[in-house]
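Since the structure comes first, as structure tokens, the remarks are kept for the end.
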Amino acid sequence: MRIANLSGRLALIADGRAIDVERASRGVFAADPQAVYERWDEFRAWAAGAQLPAGAPFETADLGSPAPAPRQTLAIGLNYRDHAAESGFAAPDGLPPVFTKYVTSISGPVTRVALPPGGHTDWEVELVAVIGARAEKVAEADAWRHVAGLAVGQDLSERVAQLAGPAPQFSLGKSYPGFAPIGPWLVTLDEFDNPDDLELRCTVNGEEVQKGHTRDLIFSVPALIAGLSAVLPLLPGDVLFTGTPAGVGLGRDPQRFLRPGDELVSTVEGIGELRQTFIG
Ligand code: ZN
């Protein structure tokens, strides 16, 4: 199953067409896409059994994030060995670095993003998991059951702000408006042959800059949920950015950052793509 946020309303995506959930359910489920995660099991059961109307065509530019207003966004740094190495850090032993992307940075999949003046804005394609059931002290073996589905995420990062000062400012440097595109929709786990092994890719103006596989995550999605939920509860609708593989601009020689007019396309196998263009 695929669910989307179409012009702020929850939609089911089937055969490339969108079905409005509030109308199809006669108001049983609200239009607010963020609200569905509180009733995720009930919603899944309804969607599996309902007689659904034919969907309507839509434009990807009208999609928002499938989780537009999570109470918590947890983002993970240094979760691929090759990316930790290119960033000049040792790979983590315990939980990797955790930061947030503030909710105002979240956007839909197809956007124009303003580059902060004087900054070095970089790309990080990531697998995003959205929580579908409260997770508190969850065992790794039970963790996937707490995930509603997966989406593509782009952890845009302004490196000057991120790395300035006596201690890094990960959360601020990664939270400029539009710096957390998520989408293009949420794909439930039953749609994947193996949700622990998905290819991620990222291109700038058509040139491939990142290519990795989630099987190379140091902390898999279940391991992250186990480790994080040992510290704090993860709530329905929370967003988890799982980290990026090698190939970011900061780690290149010479370094390379996004410029006005650049087009960034971020892809995860079996989900779809994000498309960002940048303005000065
Ligand atoms: Zn990241």
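If you read the sequence shown in the numbering used here, its first letter stands for residue 441, the second for the next number, and so on. The beta-carbon is built from N, C-alpha and C at its ideal position, and this holds for glycine as well.
Which residue wins for smallest C-alpha separation from residue i, given the options the options?
i, options, result
"A581", "P662, A470, L690", "P662"
"I546", "P537, A515, D636", "A515"
"V550", "G720, V705, C642", "V705"
"G467", "R457, L450, A454, D481", "L450"
"F619", "G667, H523, Q716, Q695", "Q716"
"Q512", "T500, G504, R521, K541", "K541"
"V538", "I658, T628, Y616, L668", "L668"
"G613", "L596, I571, R696", "L596"
"Y490", "V461, V578, A501", "According to the sequence provided, residue 490 is Ala. The question's Tyr does not apply to it. Closest by alpha carbon: V461."
"H586", "G623, T684, W480", "W480"
"G687", "R699, L657, C642", "C642"
"A471", "L446, A487, W486", "L446"
When you measure from the CB of residue i to every non-hydrogen atom of ligand 1, does any distance come out below 8 Å?
i, result
"T684", "yes"
"F681", "yes"
"E564", "yes"
"I516", "yes"
"D595", "yes"
"K614", "yes"
Assuming residue i and residue j are in contact, meaning their beta carbons sit under 8 Å apart, how far apart are those beta carbons, in whole angstroms?
i, j, result
"F665", "A575", "Before going on, a small fix: residue 665 reads as Ile here, not Phe. At roughly 6 Å, the Cβ-Cβ gap stays under 8 Å, so I665 and A575 are in contact."
"Y477", "P673", "With a Cβ gap of about 14 Å, Y477 and P673 do not count as contacting."
"Q602", "Q594", "Actually they do not touch by this definition, with Cβ atoms about 15 Å apart."
"P508", "P473", "6 Å"
"A554", "G572", "Incorrect: roughly 33 Å between the Cβ atoms, too far for contact."
Leaving aside the five residues before and after residue i along the sequence, list all residues of the same chain whose C-beta is less than 7 Å from its C-beta, in chain order.
i, result
"P493", "I459, A464"
"G448", "G504"
"A579", "A666"
"E648", "R641"
Could you name the residues of the same chain whose beta carbon sits closer than 6 Å to that of residue i, not counting the 5 residues immediately before and after it, in chain order?
i, result
"E639", "H653, E709"
"V592", "S706, V708, I711, L714"
"S615", "K541, Y542, S545"
Is residue i close to ligand 2? I mean its beta-carbon at under 8 Å from any heavy atom of the ligand.
i, result
"P473", "Within the structure as shown, ligand 2 is missing, the only ligands being ligand 1."
Unbroken beta strand (DSSP E) runs of length 3 or more, entirely within the region 551-616: which are they? For the region 551-616, the continuous beta strand (DSSP E) assignments of 3+ residues that do not extend past its boundaries occur at 565-571, 587-594, in sequence order.
Which runs of the beta strand (DSSP E) fall wholly inside the region 649-714 and span at least 3 residues, in chain order? Those beta strand (DSSP E) runs which fall completely within the region 649-714 and span 3+ residues are 679-681, 703-708.
Please list the segments of the alpha helix (DSSP H) lying wholly inside the region 461-542, counting only runs of 4 or more residues, in order along the chain. Runs of the alpha helix (DSSP H) spanning 4 or more residues and lying entirely within the region 461-542 occur at 461-464, 480-489, 521-526, in chain order.
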